[in-house]
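Chemist: The following block contains the structure, expressed as C-alpha cells.
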Amino acid sequence: MTGAPITLADVRALDASDSLARFREQFDLPDGIVYLDGNSLGALPRATPARIAGVVEQQWGQSLIRSWNDHDWIGAPARIGDKIASLMGAEAGEVIASDSTSVNLFKLLAALVGLYPERSDIVTETGNFPTDLHIAEGIAELFGKRLVAVATEVLPDAVGADTAALVLSHVHYRSAYRHDMRAVTAHARHAGARVIWDLSHSIGAVPLDLHADGAELAIGCGYKYLNGGPGAPAFLYVTHDLQQRMVSPIRGWMGHAAPFAFRDRYTPAPGIERFLAGTPPVLGLAGLEAGVDLMLEADQHALFDKAQRMFELFAALMADRCPEFRLVSPGRAEERGSHISFAHSQAPAIMNALIARGVIGDFRAPDVVRFGLTPLYLRYRDIWDAVDALACIMADGSWRAPEHARLGRVT
Ligand SMILES: *Cc1c(COP(=O)(O)O)cnc(C)c1O
C-alpha cells in the first residue's frame, strides 16, 4: 500500500475479494454506523437473541430446574471451555468458561503463587491493563509477595530466581503491542517461573497456539472478539499437567469433586472444573456460546490476515489524510494484535465528535483514539469511511463543539 494514494476503487476491490465477507450478515449491525469498537464490546450475532430467548422461554420457563440436567446447563462452562480451547491451541478439558477475567486472574494467580512459597515476586509490566495490575497488587498483599511492575523493555531482566509469576497481556489494550508468547514463556520457564497470559485482546483476533508456545496458564474475555455480549463470562486455561497441583483460592461448591454429595469437606474436582466457584450464569453463557460458535466457523489465520490488511489501509489513509495523528501501534504485524491506535492531544473530544458522526471507536486515557479491527464483520469500506469522517472533523473543527468536551462514565 505504498506509492499512489489509495482510492475508493482500491478499497472496493479489497472488499470484492474478501473471503470472510459472508460473515457480516451473521451480525445485527445498526444502519449508518461504522463499528470500530468490537475489541471492547463485540457486535451482536444474529443468532444470539433467539439462543438466549430459547434458554429463557423453553428451558427456564418450561423445563424449570430440570434444565440443569435436561439441557446440560451444568455442563455449559466446560462445554464452552472446550470450544474456546480449540480456538487457542489448547486441549479439551483445559479451558473453562467462568466468572470475569478479573476474578479468573485472581484465582489463577493465587493458585500459582501457592506453588512457589519460597519465591517472593509477582512480575508484570507498567501500563498493563488496570484490572491485571490491581488484582496482582491485591494478591501480592494477601500472600506477602512483592509486586514488581517494570517497563516492557526491561521485563526479561526482572524475571529471575525470585519470580513466582509473570502476569502479562498478550496483546496490549492501548497500543496493540503483542508479546512473543513463546520467547517470553521460555524465558520465564528457564528462570523456573510461570506466566499467566491475559488473552483478552487476542482470543478471536490473533492465531493462538498455546501448547506450541509452551504456555501453561491463561485467562481471557468473552465479550470482546468472541462477541459473547455485555459482561459475558470469561474463561481460564490451565494445562492438564498443572491442574492437579493448583487449587482455587475461591473454594466454591461448583469446583468441588462432588457438589451434590453436599459434603462438609472441600475436595477439588480432578480437572479444570476445580476453578469454578459458584453457580454458572446460564443466560450469559448462552450468549457466549452463540458468539463462540460463530467464531469457530472462521479461519483464525484468515481473520488475522484481513485485520492486518485493514491495519495497513487505516495507517496509510491516516498518514495521507490525518497526519497530525501519531500511530502508536507497532509497525510490524508480528508485534501487534487486531486494533490500531493513534495519539492526539485532543483525543477525547475528537473521539466524541467521531462517535456523534456514527463512527464508533474509543478513547483511552491519556491521549489515544483506538479502533478495533474485527474482520468478522467489518468491510474495508468501513475503514475508508472512518478515516474520511475523521478527516472531515479535523478539517471543519467540529470536534471543538462544547458538547464533545464531556466524557461519559464509560469511554
Ligand atoms: C477487557 C480486559 C479485561 C476485562 O476484565 P473484566 O474482569 O471482564 O472486566 C481484563 N484484562 C484485559 C487485558 C482486558 O483487555
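With the working numbering as the guide, the letters of the sequence shown map in order to residues 7 to 417. All C-beta atoms, glycine included, are put in the ideal place defined by N, C-alpha and C.
1) Is the stretch 74-85 touching the stretch 213-223, taking contact as three or more C-beta pairs under 8 Å?
2) Which runs of the alpha helix (DSSP H) spanning at least 4 residues fall entirely within the stretch 280-328, listed in chain order?
3) With 16 other CB atoms within 10 Å as the buried threshold, where does Ala117 fall?
4) I'd like to confirm the pairing. Which residues does DSSP put opposite Gly364 in its beta bridges?
5) Less than 8 Å separating the Cβ of Phe135 from some heavy atom of ligand 1?
6) Label Tyr122 either buried or exposed according to how many other C-beta atoms from any shown protein chain fall within 10 Å of its C-beta, with 16 as the threshold for buried.
7) Assuming His350 and Leu379 make a contact with CB atoms under 8 Å, what is their CB distance in whole Å?
8) Going by DSSP, what residue range makes up the alpha helix (DSSP H) through Ile58?
9) Helix, strand or coil, according to DSSP, for Pro83 in the structure here?
10) Any chance the stretch 358-372 sits against the stretch 231-243, with 3 or more Cβ pairs inside 8 Å?
11) Looking at Leu139 and Ala155, is the spacing between their C-beta atoms short of 9 Å?
12) Quick one: using the 10 Å Cβ neighbour count with 16 as the cut-off for buried, is Gly337 buried or exposed?
13) In its own chain, which residues sit with a C-beta less than 7 Å from the C-beta of Leu35, not counting the 5 before and 5 after it?
14) State the DSSP-derived secondary structure class of His345, mapped to helix, strand or coil.
15) Per DSSP, what kind of secondary structure is Arg72 in: helix, strand or coil?
16) Does at least one heavy atom of ligand 1 sit under 8 Å from the Cβ of Lys113?
17) With respect to 8 Å, is the separation between the Cβ of Val201 and the closest non-hydrogen atom of ligand 1 below this value?
18) Can you look up Val253 in the DSSP assignment and give me helix, strand or coil?
19) Assuming Phe149 is part of the alpha helix (DSSP H), what are its boundary residues?
20) Given 8 Å as the limit, tell me if Ala240 has its C-beta closer than that to any heavy atom belonging to ligand 1.
21) Can you list, in chain order, the residues of its chain with a C-beta nearer than 6 Å to that of Asp24? Leave out the 5 residues immediately preceding and following it.
22) Could you tell me which of Ala359, Leu333, Asp373, Arg363 sits nearest to Gly352, measuring between CA atoms?
23) Check whether the Cβ atoms of Val177 and Gly343 lie closer than 9 Å to each other.
24) Using C-beta distances below 8 Å, list every residue in its chain close to Ile256, excluding the 5 sequence neighbours before and after it, in chain order.
25) Residues bridged to Phe484 by DSSP?
26) Taking buried to mean at least 16 other C-beta atoms within 10 Å of its own C-beta, is Leu270 buried or exposed?
27) Between Ser23 and ligand 1, is the CB less than 8 Å from at least one heavy atom?
28) Identify, in the order they occur along the chain, each residue of the same chain with its Cβ nearer than 8 Å to the Cβ of Ser347, setting aside the five sequence neighbours on each side.
29) Under a three-way DSSP split, which group does Phe112 fall into?
30) Starting from Trp423, trace the beta strand (DSSP E) both ways and give me its first and last residue.
31) With DSSP as the reference, label His77 as helix, strand or coil.
Modeler: If we stick to the structure as given:
1) Between the stretch 74-85 and the stretch 213-223, the count of Cβ pairs shorter than 8 Å is below three; the stretches do not touch.
2) Taken in chain order, the whole alpha helix (DSSP H) runs of length 4 or more contained in the stretch 280-328 are 288-302, 306-327.
3) Taking all protein chains shown into account, Ala117 has 16 or more neighbouring C-beta atoms within 10 Å of its C-beta and is therefore buried.
4) When DSSP reads this structure, Gly364 sits in no beta bridge, so it has no partner.
5) Under cutoff, so the answer is yes.
6) Result: buried.
7) Contact between His350 and Leu379 does not hold, since the beta-carbon distance rounds to 19 Å and is not under 8 Å.
8) Segment 54-60, the alpha helix (DSSP H) holding Ile58.
9) Note: Pro83 maps to helix in three-state DSSP.
10) They do not touch, by the three-pair rule.
11) Yes, the pair counts as a contact, with Cβ atoms nearer than the cut-off.
12) Classification of Gly337: exposed, given that the 10 Å Cβ count is below 16.
13) Within the same chain, Tyr41, Ala49, Tyr383 come within 7 Å of Leu35 by CB-CB distance, once the 5 residues on both sides are set aside.
14) Annotated three-state conformation of His345 is strand, per DSSP.
15) Helix.
16) Result no, Cβ not under 8 Å from ligand 1.
17) No, Cβ of Val201 sits at least 8 Å from all heavy atoms of ligand 1.
18) Correct three-state label for Val253: coil.
19) Residues 136-149.
20) Yes - ligand 1 has a heavy atom lying nearer than 8 Å to the Cβ of Ala240.
21) The answer is none, since no qualifying residue turns up.
22) Checking the sequence, you will find Gln at residue 352 rather than Gly. Among Ala359, Leu333, Asp373, Arg363, the Cα nearest to that of Gln352 belongs to Asp373.
23) A distance below 9 Å separates the beta carbons of Val177 and Gly343.
24) The residues are Val109, Phe112, Lys113, Ala283.
25) Past the boundaries of the shown model lies residue 484; the chain is included only from 7 to 417, so the question cannot be answered.
26) Note on identity: in this sequence residue 270 is Asp, with Leu being the wrong assignment. With fewer than 16 other CB atoms across the displayed protein chains lying within 10 angstroms of its CB, Asp270 is exposed.
27) It does not: the Cβ of Ser23 is nowhere closer than 8 Å to a heavy atom of ligand 1.
28) Only Arg180, Ser181, Ala182, Leu333, Val334, Ser335, Arg370, Val374, Val375, Arg376, Phe377 meet the Cβ criterion.
29) Three-state result, Phe112: helix.
30) No information on residue 423 is available, as it lies outside the stretch 7 to 417 that the chain covers here.
31) For His77, the secondary structure class from DSSP, reduced to helix, strand or coil, is coil.
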